[in-house]
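Quick note on the numbering used here: the sequence shown kicks off at 133 and runs consecutively. Backbone N, C-alpha and C fix where the C-beta goes; we use that ideal spot for every residue, glycine too. Remember, predicted model here, so these are calculated numbers, not experimental data. What follows is one structure encoded as structure tokens, with my remarks underneath.
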Amino acid sequence: MNGHNNARAFPIFFAIMAALLGAGAVAAAFNVTQIQVNKDTGYGFSDVIQTPDRVYPGDQVSLRFSVFSTRTGGAQNVVITPNTPFLKTTTVFSLGNIASNVPKDELLTFTVPNSTKPGTYPLFFLASDSNTPQQQIAQYIIIVNEPSVSNQLIAQADLPQALQAGDSGVLNIAITNTAPLDAADVIVQINPDTNKVFTPLSTDRKYVQRIGSGQTVSVPFEVGISAGATPGYYQLPITIQYAVDQVVQPDITQNLGIEVQAKPELLLTVDNAGSSTNNALIVTVANVGDTPVRGVYIKTSSNAFRITGASDKFIGTLNLDDSTTMAINLQPRGPGSNGTDSNLDVSITYKDPNNQEHILKQSIPISPSDFAAGTAGNANTAIGVRFRGASRGPLGIDPFGWGAIIVVLAAGGFFGFRWYKKRKNAKNESGKTAANGGKK
């Protein structure tokens, strides 16, 4: 008998559970909310649905409801008036005549202001008809939830100028309040970074009294940057403390990405080549900055001098305190350049660790007199020969040589002619003596 009853009880149990689950599914799909109805008013409510089910400050709320009359004969000329602090104007629903237990569907819409404090707010329903003056027939509770204000302050780095390794600078931390409520007693603190790149110079924390909803406040910090920092981005940890409505919120920790730049700097010097190379200048490029550079390329040119040999050179990478040299062989372009000043133009291109290209240009004044003075070592000898060689005459003998030859030839002719005349006169005197029998 018991087993038979148990067998019958199981289908009934599952049917009840299915019904409960089905009811739960309907309740989950539609936010059915209870409303407190005053007894003996002759009115009732059903199917009250609130959207959204959780209300926060700033939300627009829709409330659907069905009102009906519980009187046997119904009610005539029914007017329903809702009363809530969220209604800016008086709202009425004129339902006309309502038959007994026949519901009338209505929709009430209002907006909860942003400044609304979390809590419960009543919504009263007042009704009047032909036989009854206005009276409260029901009360509905609107729950305004506390908005999510944790982790609603966002920090961003704002650099008025680039931060250089080994220097100090101003770091502005911009705090934006994305919460629907104001943030008060805001404390922004710089935490030590793992790379020890940034050091607060004056203070490591700043206080802001209030940051309004949707507002951004810039908080300046003066920081020093380690001289050993290589160019790149570094993480700077910060902590933000704040309160909302005098309630302290959980601390916010962020890592700001801060760019650190270096000072790439190359030094260009020009020296003579010494006695081993008579017509060359030695160009020296040295890395005197605080960071390695790469892609170093030297290019030279001149209007008054010919560059014999290489006029450019690719160096590649120059580490800190590295240097490289390049020999520039120069020849004057012609006699017209003798004694006139001219330049050796040197252009150096290179890239810093952030892949930014830099160009260093320098014009070096050079003239033949500079060579003679030793700017290019013993190049004055070579240039002097070239200048004289440029004015040589036929057979490779310059005009001074030809003048000397002409003088020598003229002198030889003159003395030869005198010797010839003297010898001729002596021969004639000897002939006359022989003809006179030896007598002069």
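- VAL340 and ALA287 have their alpha carbons spaced roughly 14 angstroms apart.
- Within the same chain, VAL340, ILE343 and TYR374 come within 6 angstroms of VAL318 by CB-CB distance, once the 5 residues on both sides are set aside.
- DSSP places TYR366 within a strand segment (E or B) once states are collapsed to three.
- The residue among VAL417, VAL199, GLN284 and THR241 with its C-alpha nearest the C-alpha of GLN168 is VAL199.
- For THR221, there is no enclosing beta strand (DSSP E), as DSSP gives it neither H nor E.
- Under the 10 Å beta carbon count, SER350 is surrounded by fewer than 16 other beta carbons and is classified as exposed.
- For LYS328, the secondary structure class from DSSP, reduced to helix, strand or coil, is coil.
- Beta-bridge annotation (DSSP): ASN475 is paired with PRO497.
- One thing to note: ILE305 has its Cβ within 8 angstroms of the Cβ of ALA289.
- Contact between VAL276 and ALA311 fails: their C-beta atoms lie close to 15 angstroms from each other, not under 8 angstroms.
- Segment contact: the stretch 390-397 against the stretch 415-433, three or more CB-CB distances shorter than 8 angstroms; contact assigned.
- Per DSSP, reduced to three states, the secondary structure at SER201 is strand.
- Per DSSP, the unbroken beta strand (DSSP E) holding ILE319 starts and ends at 315-322.
- Per the C-alpha coordinates, the member of GLN381, LEU303 and ASP172 positioned closest to THR264 is ASP172.
- Going by DSSP, VAL392 is part of the beta strand (DSSP E) stretching over 384-393.
- DSSP places GLN166 in the coil class of the three-state scheme, outside both helix and strand.
- Using a C-beta cut-off of 8 angstroms, the stretch 181-190 makes contact with the stretch 243-250, since at least three inter-stretch Cβ pairs fall below that distance.
- Shown here, PRO254 sits in a strand according to DSSP, grouped into three states.
- CA-to-CA, the gap between PHE218 and VAL320 works out to about 37 angstroms.
- ALA207 sits in a strand when the DSSP states are folded into three classes.
- Within the stretch 246-294, the complete beta strand (DSSP E) runs of at least 3 residues fall at 251-260, 267-276 and 285-290.
- Membership of TYR188 in any beta strand (DSSP E) is not indicated, and neither H nor E is assigned to it by DSSP.
- Between the C-alpha atoms of LYS431 and ILE480 there is a straight-line separation of about 6 angstroms.
- PRO214 sits buried, since 16 or more C-beta atoms from the chains shown fall within 10 Å of its C-beta.
- The beta carbons of VAL402 and ALA361 sit about 33 angstroms from each other, so the pair does not count as a contact at 8 angstroms.
- In this model, SER262 and GLN381 are separated by some 55 angstroms (Cα to Cα).
- A residue is called buried when at least 16 other Cβ atoms come within 10 angstroms of its Cβ; ILE496 meets this threshold and is buried.
- Short of 6 angstroms from the beta carbon of THR456, and not among the five residues preceding or following it, lie these beta carbons of its own chain, in chain order: VAL417 and ILE447.
- Secondary structure note for ASP444: its beta strand (DSSP E) is the uninterrupted segment 444-450.
- For ALA294 and ASP383, the gap between their C-alpha atoms comes out near 29 angstroms.
- By the Cβ-count criterion, GLY174 is buried, with 16 or more other Cβ atoms from all chains shown falling within 10 Å of its own Cβ.
- Taking C-beta atoms as the reference points, VAL415 and LEU450 fail to come closer than 8 angstroms.
- In the structure shown, ALA359 adopts coil according to DSSP, grouped into three states.
- The bridge partners DSSP lists for THR432 are VAL478.
- Rounded to whole angstroms, the separation of the alpha carbons of ILE372 and SER345 is 16 angstroms.
- Taking 8 angstroms as the cut-off, the Cβ atoms of ALA259 and VAL211 count as close.
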